[in-house]
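Quick note on numbering that gives the first Met the number 0: the sequence shown kicks off at 0 and runs consecutively.
Heads up, the thing below is written out as structure tokens.
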Amino acid sequence: MMAWTVPTEDMILDLIDPTGSTEVEHLHAARLPDLRGKTVAMLSDDMWQAHRMLPLLRERLESMYDNIRVLPETEFPMGTQAMDSERAVDQIIEAKVDAVIVGNAA
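Spelled out as structure tokens, the structure:
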């Protein structure tokens, strides 16, 4: 990655070349090998027919995996801002879920 620091009269600008690669600072969580026996929470931004698609996804997951427990989006704050709140995070932690499905690919 190429970067330059440019001092100006009022501030210092850090410029990064967007064509270069960046360092990965935060890795994603490890993937679950299987959803059998797991608890999965669904979060919804409440857009793009989520009220139709997420229940269908829930039904599909429950038919595919034994002993899966899917907590529907209606049990958590809904909407773009609400699902990005501390309240939503606290509820997910309290529910002791193994995985979270976020959104509806809008």
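Glycine residues also receive a C-beta, built at the ideal position from the N, C-alpha and C atoms.
Computed from a predicted structure; not experimentally measured.
| Check | Outcome |
| --- | --- |
| Just how far apart, CA to CA, sit R35 and I15? | 44 Å |
| Going along the chain, which residues of its own chain have a beta-carbon closer than 7 Å to the beta-carbon of T18, five neighbours each way excluded? | none |
| Could you have a look at D13 and say whether DSSP puts it in helix, strand or coil? | strand |
| When we look at the beta-carbon of M55 and count the other beta-carbons within 10 Å, is it buried (16 or more) or exposed? | The displayed chain sequence assigns Leu, not Met, to residue 55. Per the 10 Å Cβ criterion, exposed. |
| With a threshold of 16 other CB atoms inside 10 Å of the CB of A29, please say whether the residue is buried or exposed. | exposed |
| Express the C-alpha separation of D9 and T73 in angstroms, rounding to a whole number. | 49 Å |
| Expressed to the nearest angstrom, what Euclidean distance is found between the alpha-carbon atoms of E22 and M82? | 28 Å |
| Kindly list the residues whose CB is nearer than 8 Å to the CB of L60, restricted to its own chain and excluding five residues on each side of it in sequence; keep chain order. | L34, V39, I67 and V69 |
| When the Cα of V96 is compared with those of L31, P6, L26 and E24, which residue comes out closest? | L31 |
| Got a sec, what are the start and stop residues for the alpha helix (DSSP H) R59 sits in? | A49 to M63 |
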